[in-house]
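Numbering follows my numbering, in which position 387 of the sequence shown is assigned residue number 612; successive positions increment by one, without gaps.
Don't be surprised by glycine CBs; every beta carbon is placed ideally from N, CA and C.
Note that the coordinates shown come from a computational prediction; the quantities given were computed from them, not determined experimentally.
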Amino acid sequence: MASGDDDDPIIQEVDVSIHCFEHFPLQYPVRPASMSYENVTHLAARIKPKQQKVELEVAMDTMSPNYCGSKGEQIALNVDGTSSEDSNVYSTKMMDKQTFSSIQATTNTSRYAAAVFHKGELHLTPLQGILQMRPSFTYLDKADTKHREREAANEAGDSSQDEAEDDVKQITVRFSRPESEQARQRRIQSYEFLQKKQAEEPWVHLHYHGVKDGRSEHERQYLYCQAMDTAENTELVKTPREYLSMLMPPLAEEKVAKPMGPSNVLSMAQLRTLPLGEQVKTLMKNVKVMPFANLMGLLASGTDSTAVLRCIQQVALLVQGNWVVKSDVLYPKNICSSQSGVPAEVLCRGRDFVMWRFTSERTLMRKEVTLPPEDVKDFLEQMSVPRLNRGWEFLLPTDYDFVRKHPDVAQRQHMLWLGIQSKYDMTSQNLTLNPYFLYSMKHKRTFDHLKKFCETKQNQYFTVSTDVSGTAQQIPDRKLLPGSIYDVLTQISNGFQQSFDRVQCRQTLAVFPPQSNAATDEQKVFGLWESGETFDKHRQVLFEIFMKNYRVRRNVIQSRLTQELGDAVTKTDVDRLLKECCMSLGGMWYLKGTVPS
Numbered sequence: 226m227a228s229g230d231d232d233d234p235i236i237q238e239v240d241v242s243i244h245c246f247e248h249f250p251l252q253y254p255v256r257p258a259s260m261s262y263e264n265v266t267h268l269a270a271r272i273k274p275k276q277q278k279v280e281l282e283v284a285m286d287t288m289s290p291n292y293c294g295s296k297g298e299q300i301a302l303n304v305d306g307t308s309s310e311d312s313n314v315y316s317t318k319m320m321d322k323q324t325f326s327s328i329q330a331t332t333n334t335s336r337y338a339a340a341v342f343h344k345g346e347l348h349l350t351p352l353q354g355i356l357q358m359r360p361s362f363t364y365l366d367k368a369d370t371k372h373r374e375r376e377a378a379n380e381a382g383d384s385s386q387d388e389a390e391d392d393v394k395q396i397t398v399r400f401s402r403p404e405s406e407q408a409r410q411r412r413i414q415s416y417e418f419l420q421k422k423q424a425e426e427p428w429v430h431l432h433y434h435g436v437k438d439g440r441s442e443h444e445r446q447y448l449y450c451q452a453m454d455t456a457e458n459t460e461l462v463k464t465p466r467e468y469l470s471m472l473m474p475p476l477a478e479e480k481v482a483k484p485m486g487p488s489n490v491l492s493m494a495q496l497r498t499l500p501l502g503e504q505v506k507t508l509m510k511n512v513k514v515m516p517f518a519n520l521m522g523l524l525a526s527g528t529d530s531t532a533v534l535r536c537i538q539q540v541a542l543l544v545q546g547n548w549v550v551k552s553d554v555l556y557p558k559n560i561c562s563s564q565s566g567v568p569a570e571v572l573c574r575g576r577d578f579v580m581w582r583f584t585s586e587r588t589l590m591r592k593e594v595t596l597p598p599e600d601v602k603d604f605l606e607q608m609s610v611p612r613l614n615r616g617w618e619f620l621l622p623t624d625y626d627f628v629r630k631h632p633d634v635a636q637r638q639h640m641l642w643l644g645i646q647s648k649y650d651m652t653s654q655n656l657t658l659n660p661y662f663l664y665s666m667k668h669k670r671t672f673d674h675l676k677k678f679c680e681t682k683q684n685q686y687f688t689v690s691t692d693v694s695g696t697a698q699q700i701p702d703r704k705l706l707p708g709s710i711y712d713v714l715t716q717i718s719n720g721f722q723q724s725f726d727r728v729q730c731r732q733t734l735a736v737f738p739p740q741s742n743a744a745t746d747e748q749k750v751f752g753l754w755e756s757g758e759t760f761d762k763h764r765q766v767l768f769e770i771f772m773k774n775y776r777v778r779r780n781v782i783q784s785r786l787t788q789e790l791g792d793a794v795t796k797t798d799v800d801r802l803l804k805e806c807c808m809s810l811g812g813m814w815y816l817k818g819t820v821p822s
């Protein structure tokens, strides 16, 4: 024996026995132990064994000075009405009893037992359930039902019998559709279905016996093991590992006792059984945006922050010092948007564009992303909140502490964003918004139609390719200028109702500012020249103005339009023209594509 055990000697050994029979202790959490119901008359008792649900009816002392007689009579009148029937809840026309209904204190009682120490022996009885008795207010539901029945009867009595007979109503017969498996699963997990299943189990009526009753004393004898004095071998025959497994059963065994929950809900206990990488991925998929400090707080204490940093960089990107879940984690390949049908690849590009904008700015205007509005709203709600007259603001404040503590991670994420920016050509706004794809979705045009257009027009600036689904997926494959080609094609896909064959795009010989950083071969702007509408003339005049000047004032544009097109030019026409083709800086107007947006 080790020397350390001499300081803590064994002073007594106690025999322990385990005796199994059905035992359900009742607790009364809304009443102190000094005010038990032992001396109160119990009128009825019933149980639903499968649900482990118990109800007790207890008499109330109507003669007590604390009892309000008028209120008791009013409650009985509301519940039973004025009729005298056997089914009445309160036969004395007064609320003279109270019902207690049980709820389960815990769903897993495998670690609980009732213990009795008797004559130097410890007797244990495992518990099948722990029930908490709380007052039931179902009589209020009955009172509401009676009230609605009386109101319905009064309304029906206002109309005569003759009017009721003459009232002929058309009846529409409908045949219900076959129930799908998903609908069936939702129905089975619904609250109404569970309530219906619970109501189907019949009550088993019981007889109540007080603590000092002879039958109660007889039942208490079952708490003692009856074979303690026999010569039965009570030595442990289990190995240490088997005995430890009995004391601390594996968590997998508890799954049977866990209630059915929604498919998208994961408890923290279940979460911590997963590998660290899966824990981080699951948390980020559910939260979407989270500071690193909050993530560490959700993980188990003692988790290595370096390991967490390695895991989170695989499933999230750094935006303003906070971690935002990656788009391909939320939108895996080979899926489409459930709202608009947009492929996952397009959704990922659009969401990456929103994240990229938030890396440099706090706010973003919704119109900057020309995807279906329901998808854009989904992106923005995940990581931002709307602000009046400011667009959408990033959800969390910038976490400067994380950037200061982990400069290597911040630098690595910055380089990663630069790679994403160059890959998607975000600066030219050619990110996710494929005009061919949008046009085909809006006007139900096929890929063959779009391909035929590109071939017949002999347009050198456009090529079309297909993905596995045969959908037009790519706008110009050559490296275009930062310019209005994207804006023009977006207008084509979203606004024009004419035939797509009438649309023509040309290169405008626009003048670039002297301080422009664009290379010589990149100083090109492609514009919508002809679409078949009268507004084409306004656009052509504007392009001619910018062939001589790289910036002009609004009054110059308006005067030139009036000179060329007459007095029919309105302020609305000028506003539309400037919005579509120009951008304002310092009170001057520039052609889109000639200056950085």
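Cβ-Cβ distance between residue i and residue j below 8 Å
| i | j | result |
| --- | --- | --- |
| residue 547 | residue 621 | yes |
| residue 252 | residue 357 | yes |
| residue 607 | residue 514 | yes |
| residue 567 | residue 510 | no |
| residue 778 | residue 766 | no |
| residue 329 | residue 294 | no |
| residue 545 | residue 584 | yes |
| residue 499 | residue 523 | no |
| residue 465 | residue 624 | no |
| residue 818 | residue 736 | no |
| residue 360 | residue 255 | yes |
| residue 318 | residue 285 | no |
| residue 794 | residue 787 | yes |
| residue 431 | residue 272 | yes |
| residue 851 | residue 304 | As shown, the chain starts at 226 and ends at 822. That puts residue 851 outside it, with no answer to give. |
| residue 339 | residue 248 | yes |
Extent of the continuous alpha helix (DSSP H) run through residue i
| i | result |
| --- | --- |
| residue 443 | 439-445 |
| residue 815 | That residue, residue 815, is in no alpha helix (DSSP H); its beta strand (DSSP E) goes 813-816. |
| residue 786 | 779-790 |
| residue 507 | 501-512 |
| residue 260 | Run containing residue 260: none; DSSP gives neither H nor E here. |
| residue 762 | 761-770 |
| residue 735 | Element bounds for residue 735: n/a, residue is neither H nor E. |
| residue 407 | 406-413 |
DSSP state of residue i mapped onto helix, strand, coil
| i | result |
| --- | --- |
| residue 271 | strand |
| residue 721 | With a pLDDT of 35 at residue 721, under the threshold of 50, the modelled position of this residue cannot be trusted; read the value that follows with caution. The answer is coil: DSSP assigns residue 721 none of H, G, I, E or B. |
| residue 327 | strand |
| residue 247 | coil |
| residue 472 | helix |
| residue 751 | strand |
| residue 807 | strand |
| residue 676 | For residue 676, the predicted structure reports a pLDDT of 43, less than 50, and the residue's modelled location is therefore unreliable. The matter cannot be settled from this model. |
| residue 281 | strand |
| residue 823 | Any question about residue 823 goes unanswered here, given that the chain covers just 226 to 822. |
| residue 495 | helix |
| residue 429 | strand |
| residue 824 | Here the chain has residues from 226 to 822 only, and residue 824 is not among them. |
| residue 802 | helix |
Unbroken beta strand (DSSP E) run spanning residue i, endpoints
| i | result |
| --- | --- |
| residue 240 | 240-243 |
| residue 619 | 616-619 |
| residue 418 | Per DSSP, residue 418 belongs to no beta strand (DSSP E); it is in the alpha helix (DSSP H), 416-425. |
| residue 434 | Per DSSP, residue 434 belongs to no beta strand (DSSP E) and is neither H nor E. |
Chain E contact for residue i (CB, 8 Å cutoff)
| i | result |
| --- | --- |
| residue 463 | Given the protein chain composition of this structure (a single chain), no chain E is represented. |
Would you be able to state if there are at least three C-beta pairs under 8 Å between the region 258-271 and the region 367-378? By the C-beta criterion, the region 367-378 is judged not to be in contact with the region 258-271, since fewer than 3 inter-stretch pairs fall below 8 Å.
If we count Cβ pairs, one from each stretch, closer than 8 Å, do we get three or more for the region 338-356 versus the region 237-246? A contact exists between the region 338-356 and the region 237-246.
contact_flag[the region 768-778, the region 804-818] where n(CB pairs < 8 Å) is 3 or more: By the Cβ test, the region 768-778 is in contact with the region 804-818, since at least three Cβ pairs between them sit closer than 8 Å.
At 4 residues or longer, what runs of the alpha helix (DSSP H) sit wholly inside the region 283-362? If you keep only unbroken alpha helix (DSSP H) runs of at least 4 residues inside the region 283-362, you get 294-305.
Using 8 Å as the cut-off, can you tell me whether the region 293-311 makes contact with the region 268-283, which would need three or more C-beta pairs spanning the two stretches below that distance? Result no; under three Cβ-Cβ pairs closer than 8 Å.
Curious, which full-length beta strand (DSSP E) runs of at least 3 residues does the region 518-564 contain? Runs of the beta strand (DSSP E) inside the region 518-564: 541-544 and 547-550.
Completely contained beta strand (DSSP E) runs for the region 562-627, where each covers 3 or more residues: Entirely contained in the region 562-627, the beta strand (DSSP E) runs reaching 3 residues are, in chain order, 609-612 and 616-619.
May I ask you to verify whether the region 569-578 touches the region 551-559, counting CB pairs closer than 8 Å and requiring at least 3? Cβ pair count under 8 Å is three or more, so yes.
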